[in-house]
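Q: So that we are looking at the same thing, I have put the structure below in structure tokens.
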Amino acid sequence: EKTRIYNFAAGPSMLPLEVLERASSEMTNYKGSGMSVMEMSHRSKIYDSIFQDAKEKLKKILQVPDEYKILFLQGGATLQFAMVPMNLIPKTGRADYAVTGNFSENAFKEAKKYGEIRLAATSADKKHSYIPPQSQLALDAEASYFHYTANNTVYGTEWKYVPETGNIPIVCDMSSNILSKPVDVSKYGVIYAGAQKNMAPAGLTLVIIREDLAGHAFPYTPVMLDYAAMIKGDSMYNTPPCYNIYILGLVLDWIESMGGLAGMKAHNEAKAAVLYDVLDHSKLFIPHAESEARSLMNVTFRTGREELDEKFVKEATAKGFSNLKGHRATGGMRASIYNAMPMEGVRALAEFMKAFEQSNS
Ligand code: PMP
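To convert, count from 1 in the sequence shown and add 1; that's the UniProt record's numbering.
As structure tokens, this is what we get:
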């Protein structure tokens, strides 16, 4: 049997080995029920306890205030690019977007179908290598909400502050850094995230919404895209992604065992520091992100020569470091080091990078 490799994929990405092993041990007969979680009715008592348990654990770990609802939806973060405006824009017909990477650009473009969308800030002038400071946010006092992407998966930058927007609700795509550090949920109107980086297999989308923001959707909004209907049905208007929610519960247990989100943050900062230290001392590798904007989750770099980038990825793959090729929009390399990537994987990659530099300069 081949041993597990270090998978640096941007998502879907590594899950903690403990989670996979527990899921495997419970696969055919969950706690004496005589069936797999995959085979359970979503309305059964046994599944209900798995579902409520995952929700409660998430509420506790993220310290979600009582006036917020936790929703387990489908359609990925990309469907939220439409669901957010369909539900929130009707208030004033306008919204503000900060574009700091390709997913925020996608969110911005999608929202334009539903109202007057303004560009509150963009980092496109420097290939999305930085995060605009508060002083550069041009905020519209009539906006129904302000949208930003907390971590830019492709470019490897991360917001280090929560924008100040006064009374305007903040909507945040946290797909690629959710559960990687503590977050003050009370500063947000809506938080959403696809599950496939830090939470569960692809197919589950988490939404945390301040309840008063639901119930204002355009009349043509499909029921599945109406937050109020999803809240009313407790994410069970139809069949939810049952198995993914179960895996999320196991991942949350693992996060608890790692010291909760404070523990996760320390673990992630230590891992990222190992790779950024190699980049800072390298004469070969060029980091993409400006140092103040560096992501703890996606480390982006290049050699400056395409053939050498290719050689790096090829040799790394042969050594068991997979998926290091950068996104097609940036080229170069990207090491995604989400929660489940162990420190030893990062240290091994750092050693490989140093050895590659020695033999290629
Ligand atoms: N937003 C961000 C920040 C992402 O990283 C991704 C996926 N990589 C998406 C949105 C799109 O997510 P999904 O594939 O779940 O629609």
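Ideal Cβ placement from N, Cα and C applies to all residues, glycine included.
1. By DSSP, does residue 123 sit in helix, in strand, or in coil?
2. Can you tell me where the beta strand (DSSP E) holding residue 95 begins and where it ends?
3. Given a cut-off of 7 angstroms, decide if residue 303 and residue 346 are closer than it, judged by their beta-carbon atoms.
4. Could you say which of 51, 64, 108 and 90 lies nearest to residue 215 if we only look at CA atoms?
5. Using three-state DSSP, classify residue 268 as helix, strand or coil.
6. Using CA coordinates, which residue listed in 78, 132, 128 and 131 is at the minimum distance from residue 111?
7. Is the beta carbon of residue 81 closer than 7 angstroms to that of residue 193?
8. Tell me whether residue 326 sits in a helix, a strand or coil according to DSSP, three-state version.
9. Measuring only the C-alpha atoms, how far is residue 250 from residue 150?
10. Can you give me the Cβ contacts of residue 357 inside the same chain, cut-off strictly under 7 angstroms, excluding the 5 residues immediately before and after it?
11. Once DSSP output is grouped into helix, strand and coil, what is the label at residue 117?
12. With a 10 Å radius around its C-beta and 16 neighbouring C-beta atoms as the bar for buried, classify residue 282 as buried or exposed.
13. Any chance the region 281 to 297 sits against the region 152 to 161, with 3 or more Cβ pairs inside 8 angstroms?
14. For residue 245, decide whether its Cβ has a neighbour in chain D, counting only Cβ atoms nearer than 7 angstroms.
15. Taking Cβ to Cβ, would you say residue 71 is nearer than 7 angstroms to residue 56?
16. May I ask you to verify whether the region 96 to 112 touches the region 133 to 144, counting CB pairs closer than 8 angstroms and requiring at least 3?
17. If you draw a straight line from the C-alpha of residue 47 to the C-alpha of residue 17, how long is it?
18. Flag this pair as touching only if the region 233 to 242 and the region 102 to 121 have three or more C-beta atom pairs under 8 angstroms; answer yes or no.
19. Quick check on DSSP: helix, strand or coil for residue 22?
20. For a test of your reading of the model: does the CB of residue 109 fall under 6 angstroms from any non-hydrogen atom of the ligand PMP? Yes or no.
21. When you compare each of 136, 331, 355 and 324 to residue 12 by their alpha carbons, which one comes out closest?
22. If distances are taken between C-alpha atoms only, which option among 197, 353 and 173 comes closest to residue 414?
23. For the beta strand (DSSP E) containing residue 92, name the first residue and the last one.
A: Let's see:
1. strand
2. 95 to 100
3. no
4. 90
5. helix
6. 78
7. yes
8. strand
9. 25 angstroms
10. 313 and 316
11. strand
12. exposed
13. yes
14. In the structure shown, chain D cannot be found, because there is only a single protein chain.
15. yes
16. yes
17. 25 angstroms
18. no
19. helix
20. no
21. 324
22. Residue 414 lies beyond the range of the chain shown here (2 to 362); nothing can be said about it.
23. Unbroken run through residue 92: none, as it is neither H nor E.
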